[in-house]
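If you're matching positions, the sequence shown starts at 2 in this note's numbering and goes up one per residue.
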Amino acid sequence: NWLRKQNTNAAEVVHLFQEKYLEWPPISQDIVSKIEKQFRERGHVRRQTASVLNISHSSILRVLTENQMHSYKLVPTNELAEDDFDRRILFW
2 NWLRKQNTNA AEVVHLFQEK YLEWPPISQD IVSKIEKQFR ERGHVRRQTA SVLNISHSSI
62 LRVLTENQMH SYKLVPTNEL AEDDFDRRIL FW
């Protein structure tokens with residue numbers, strides 16, 4: 002069931018990509034799946050994606066920006082405690 006959902010998502014991504022970027026070479030579901038896997042494992046894929054699709058790194062960045070997708074780095078933080086607000090007020 003999970004694999005079928007992933008294949009459906011990849012097929013939808015391929016369709017949407019090819020519909021929006023007619024001038025670029027077509028992509029395959031296999032490429033989309035590999036890119037998604039790399040993203041889940043590493044959190045970034047721009048350079049790898051650019052080389053796989055044979056387009057520039059800046060084009061990948063533009064596509065991500067157009068689709069309101071942004072790179073981020075996960076930064077672990079501490080949970081807030083109940084008295085954190087009071088301490089913050091005292092600090093100022």
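Backbone N, C-alpha and C fix where the C-beta goes; we use that ideal spot for every residue, glycine too.
Just how far apart, CA to CA, sit residue i and residue j?
i	j	result
I36	L81	35 Å
V53	V76	29 Å
T50	T78	30 Å
N55	H16	18 Å
D85	D31	48 Å
N2	L65	Residue placement at N2 is poorly supported in this model, since its pLDDT is 42, which falls under 50; the coordinates still yield a value, given next. Cα to Cα, N2 sits roughly 29 Å from L65.
E67	K21	11 Å
D87	E42	39 Å
My output table needs one value for residue i: the three-state DSSP class, helix, strand or coil.
i	result
I28	coil
L81	coil
N2	Because N2 sits at a pLDDT of 42, beneath the cut-off of 50, its placement in the model cannot be relied upon, and the following sentence gives the value as read from the coordinates. Looking at N2 - three-state DSSP - the assignment turns out to be coil, as it is neither helix nor strand.
V53	helix
V14	helix
V76	coil
L137	Shown here, the chain extends from 2 to 93; a query on residue 137 therefore has no answer.
Return the chain-ordered list of same chain residues with a C-beta closer than 7 Å to the C-beta of residue i, the five sequence neighbours on each side being excluded.
i	result
F18	I28
K38	none
V14	V33
A12	Q30
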